[in-house]
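Going line by line, the protein sequences match chains A and D.
For the first sequence, position 180 matches number 179 in numbering that gives the first Met the number 0, and the numbering has no gaps at all.
For the second sequence, position 226 matches number 225 in numbering that gives the first Met the number 0, and the numbering has no gaps at all.
All C-beta atoms in this analysis are idealised placements derived from N, C-alpha and C, irrespective of residue type, glycine included.
Nothing here was measured: the structure is a model prediction, and the numbers come from that model.
Working notes, structure below.
Protein chains: 2
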Amino acid sequence: MHAENFEKVMHGLGSGFDALRTAPPVACMRCTLRDLCLPLGLMEDELDHPEIQIGKRRKLVLGQPAFRAGDPFEMIYAVRTGFLKTEMLAADGRSQVTGFQMAGEVVGLDGIGEGFHNSTAIALEDSEVCQVPFNELEALAEQEPSLRRQLHKIMSREIMRDQGVMLMLGALRAEERLIAFLLNLSERFASRGYSPVEFHLRMSREEISSYLGVKVETISRAFSYLRDVGLIAVHKKHIRLLDITALKARLATPATGKSPRF
Amino acid sequence: MHAENFEKVMHGLGSGFDALRTAPPVACMRCTLRDLCLPLGLMEDELDHPEIQIGKRRKLVLGQPAFRAGDPFEMIYAVRTGFLKTEMLAADGRSQVTGFQMAGEVVGLDGIGEGFHNSTAIALEDSEVCQVPFNELEALAEQEPSLRRQLHKIMSREIMRDQGVMLMLGALRAEERLIAFLLNLSERFASRGYSPVEFHLRMSREEISSYLGVKVETISRAFSYLRDVGLIAVHKKHIRLLDITALKARLATPATGKSPRF
DNA sequence: CGCAGTTTTGATTCATCTCAATTTGTGTGG
DNA sequence: CCACACAAATTGAGATGAATCAAAACTGCG
């Protein structure tokens with residue numbers, strides 16, 4: 000979906016706002032996600048708070064939610080390790096996956112507006128997130144212009160990401176959606192130092208199909224087709240992109256008539 | 000689409016940041032969109048700045064863009080009167096309408112992240128917007144906690160809105176999408192004091208179809224069908240919802256198998 | 001009043017869904 | 001470690017919704 004959304008991410012370690020004064024276990028400055036994260040901006044201007052940190056780490060086992068729709072909104076969550084999915088529930092109980100998040104990406108931003116989360120975030124594998132109390136973050140952002148800008152960028156990027164998904168759902172056919180999805184994963188893995196051509200899907204076909212707005216069978220067929228034409232290699236959840244250029248080309252052309260590219 | 004998104008809106012009048020000190024033509028406090036807007040929060044806490052205002056009014060004639068994709072990001076825009084559409088351009092030149100905005104709604108938030116707009120906002124009728132310089136807004140928000148919260152809410156609501164559209168595009172069939180669209184307009188008109196059952200569409204069928212991710216012919220057929228079954232009355236762009244309850248019911252049931260409502 | 005663009009309607013084709021069966025994978029307990 | 005039971009994924013065949021191609025009706029405008 001959408002060219003680049005290796006989102007800069009928000010995170011923090013330790014706990015509480017007074018962390019500004021006390022030296023916490025692991026400061027944001029030393030966090031491994033430093034440059035993907037909120038403190039990125041922080042560091043630029045505010046090197047006088049080397050130990051700044053907000054939020055605390057929390058482990059999630061496979062299937063465990065970070066938060067559920069309806070929960071009061073208090074935190075936003077930065078993925079430190081692992082893989083999450085977010086899903087929205089329709090009124091009739093059916094749900095739709097709205098995104099997959101990997102290290103350095105943020106979930107929970109949708110809760111700000113209404114005071115409660117309207118989506119659910121679930122770990123697709125054992126993961127670790129950094130819980131950031133939003134009101135503390137806001138307060139801190141007040142004092143740190145670069146942090147404030149970073150927060151706004153993160154929210155803005157989420158808006159862009161969502162709009163990219165809209166474009167994909169509105170304009171691409173099933174097979175193209177899958178290609179866009181795979182290419183998007185590829186980019187995100189690449190930007191994290193992993194192989195862009197070979198990776199492991201953490202989500203089920205069902206979850207992919209929900210995200211892409213088609214039925215599981217259709218996704219399965221699309222996988223098979225791309226394998227048959229030699230564009231990808233599939234071994235259960237292990238994917239290898241055999242010809243990224245050709246895959247991109249399939250997105251760049253309106254194929255049968257609908258619009259292309261994400 | 001999506002229950003409520005009569006977005007609180009950001010606006011301002013006059014111009015420049017120094018407006019904090021000089022008395023501008025029309026202060027936010029006296030703006031007719033006051034309670035839909037950013038100053039909403041402002042007023043709660045900061046009654047000591049009765050003349051506060053940022054941004055300036057700008058008229059747009061039908062078809063005129065407030066900004067274009069690629070333009071450097073400097074302002075966000077609150078619709079004061081009229082009707083806008085926002086659209087994203089795909090790599091191959093095709094475009095997709097990503098939203099329609101009416102009085103009290105904000106456009107341009109997607110530009111924050113990358114420093115340039117990645118969508119285009121165009122007036123669907125003669126309109127007036129309030130241009131708010133974003134960096135000034137950020138600076139002002141720094142001093143006004145309630146304004147800051149309001150800004151975050153607005154961004155968060157845009158995220159929720161987009162996710163609602165994702166759900167619609169991923170889960171509903173053409174006819175259901177149109178119903179969701181009409182019901183959404185209905186709510187937004189209602190929240191502005193207009194009739195929820197009778198209104199004028201400002202956008203073309205083409206634009207509706209782009210937004211809903213289907214072809215024009217399909218939208219036209221969906222209109223005709225809903226008319227034939229007595230759910231709506233259509234006279235060109237004038238729409239009357241004859242049975243809102245029944246329309247909602249069609250969204251609440253997985254119809255032929257796909258997911259409904261959202 | 002006639003032309004150009006938009007909207008509607010019709011007929012057909014095609015993509016995706018649906019239903020159903022099969023295969024493959026996974027976890028559990030013997 | 002194997003066998004079984006259950007879940008996930010694939011494949012097939014047919015039904016159906018939406019796209020496509022084509023043309024007619026309508027709308028607005030000079």
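By how many angstroms is the C-alpha of residue j removed from the C-alpha of residue i?
{"i": "LYS84 (chain A)", "j": "LEU61 (chain A)", "result": "11 Å"}
{"i": "ILE178 (chain A)", "j": "ILE111 (chain D)", "result": "28 Å"}
{"i": "GLU186 (chain D)", "j": "PHE115 (chain D)", "result": "32 Å"}
{"i": "GLN95 (chain A)", "j": "LEU88 (chain A)", "result": "6 Å"}
{"i": "PHE99 (chain A)", "j": "GLY163 (chain D)", "result": "16 Å"}
{"i": "GLY229 (chain D)", "j": "LEU181 (chain D)", "result": "15 Å"}
{"i": "LEU59 (chain D)", "j": "GLU127 (chain D)", "result": "6 Å"}
{"i": "GLU142 (chain D)", "j": "GLN142 (chain A)", "result": "Glu is not the amino acid found at residue 142 (chain D); the sequence shown has Gln there. Rounded to the nearest angstrom, the two C-alpha atoms are 10 Å apart."}
{"i": "LYS214 (chain D)", "j": "ARG176 (chain A)", "result": "18 Å"}
{"i": "LEU246 (chain A)", "j": "SER209 (chain A)", "result": "22 Å"}
{"i": "GLU216 (chain D)", "j": "GLU86 (chain D)", "result": "20 Å"}
{"i": "GLY212 (chain A)", "j": "GLU205 (chain A)", "result": "10 Å"}
{"i": "ASN117 (chain D)", "j": "PHE188 (chain D)", "result": "28 Å"}
{"i": "SER155 (chain A)", "j": "MET154 (chain D)", "result": "7 Å"}
{"i": "ASP125 (chain A)", "j": "LEU184 (chain D)", "result": "42 Å"}
{"i": "TYR76 (chain D)", "j": "LEU146 (chain D)", "result": "16 Å"}
{"i": "PRO38 (chain A)", "j": "TYR224 (chain A)", "result": "With a pLDDT of only 48 at PRO38 (chain A), under 50, the local geometry of the prediction cannot be trusted, and the value read off the model is given with reservation. The alpha-carbon atoms of PRO38 (chain A) and TYR224 (chain A) are separated by roughly 44 Å."}
{"i": "ALA90 (chain D)", "j": "ASP227 (chain A)", "result": "27 Å"}
{"i": "ARG148 (chain D)", "j": "HIS151 (chain A)", "result": "12 Å"}
{"i": "ASP242 (chain A)", "j": "THR97 (chain A)", "result": "27 Å"}
{"i": "PRO144 (chain D)", "j": "PRO71 (chain D)", "result": "27 Å"}
{"i": "TYR193 (chain A)", "j": "GLU73 (chain D)", "result": "35 Å"}
{"i": "GLN63 (chain A)", "j": "GLY54 (chain A)", "result": "19 Å"}
How about residue i and residue j: do their beta carbons lie closer than 8 Å?
{"i": "ILE207 (chain D)", "j": "ILE218 (chain D)", "result": "yes"}
{"i": "ALA122 (chain A)", "j": "GLY81 (chain A)", "result": "yes"}
{"i": "ALA221 (chain D)", "j": "ALA173 (chain D)", "result": "yes"}
{"i": "ARG56 (chain A)", "j": "ARG79 (chain A)", "result": "yes"}
{"i": "LEU168 (chain D)", "j": "MET202 (chain A)", "result": "no"}
{"i": "GLU157 (chain A)", "j": "ILE158 (chain D)", "result": "yes"}
{"i": "ALA102 (chain A)", "j": "ARG160 (chain A)", "result": "no"}
So, is residue i buried or exposed, given that buried needs 16 or more other C-beta atoms within 10 angstroms?
{"i": "ARG249 (chain D)", "result": "buried"}
{"i": "HIS234 (chain D)", "result": "exposed"}
{"i": "THR244 (chain A)", "result": "exposed"}
{"i": "THR21 (chain A)", "result": "With a pLDDT of only 35 at THR21 (chain A), under 50, the local geometry of the prediction cannot be trusted, and the value read off the model is given with reservation. Label assigned to THR21 (chain A): exposed."}
{"i": "ALA251 (chain A)", "result": "exposed"}
{"i": "LEU46 (chain A)", "result": "Bear in mind that a pLDDT of 49 at LEU46 (chain A), under 50, signals an unreliable position, so the number given afterwards is only what the model happens to contain. LEU46 (chain A) should be labelled exposed."}
{"i": "PRO24 (chain A)", "result": "Its pLDDT being 49, under 50, PRO24 (chain A) is placed unreliably in this model, and the value from its coordinates should be taken loosely. It is exposed - the Cβ of PRO24 (chain A) has fewer than 16 other Cβ atoms within 10 Å."}
{"i": "ASP44 (chain D)", "result": "For ASP44 (chain D), the predicted structure reports a pLDDT of 46, less than 50, and the residue's modelled location is therefore unreliable. The matter cannot be settled from this model."}
Hey, would you say the C-beta of residue i is under 7 Å away from at least one heavy atom of the ligand SAM?
{"i": "LEU83 (chain D)", "result": "The model on display carries no ligand, and the ligand SAM is accordingly not part of it."}
Report task. Could you say if the region 224-243 of chain D and the region 194-201 of chain D meet the contact criterion of at least three C-beta pairs nearer than 8 Å? Result -> yes
Report task. Inspect the CB distances between the region 132-149 of chain A and the region 95-106 of chain A and report whether three or more fall short of 8 Å. Result -> no
Report task. Could you tell me whether the region 117-132 of chain A touches the region 52-67 of chain D, where touching means 3 or more Cβ pairs closer than 8 Å? Result -> no
Query raised in the report: Counting only runs that start and end within the region 130-205 of chain A, where is the alpha helix (DSSP H) found for 4 or more residues in a row?
Result: As far as the region 130-205 of chain A is concerned, its whole alpha helix (DSSP H) runs of at least 4 residues are 133-142, 144-170, 173-189.
Report task. Starting from the N-terminal side, write out each stretch of the alpha helix (DSSP H) that is 4 residues or longer and does not extend beyond the region 228-256 of chain D. Result -> 243-251
Query raised in the report: Could you give the uninterrupted runs of the beta strand (DSSP E) lying entirely in the region 52-84 of chain D, keeping only those of 3 residues or more?
Result: 55-59, 64-66, 74-80
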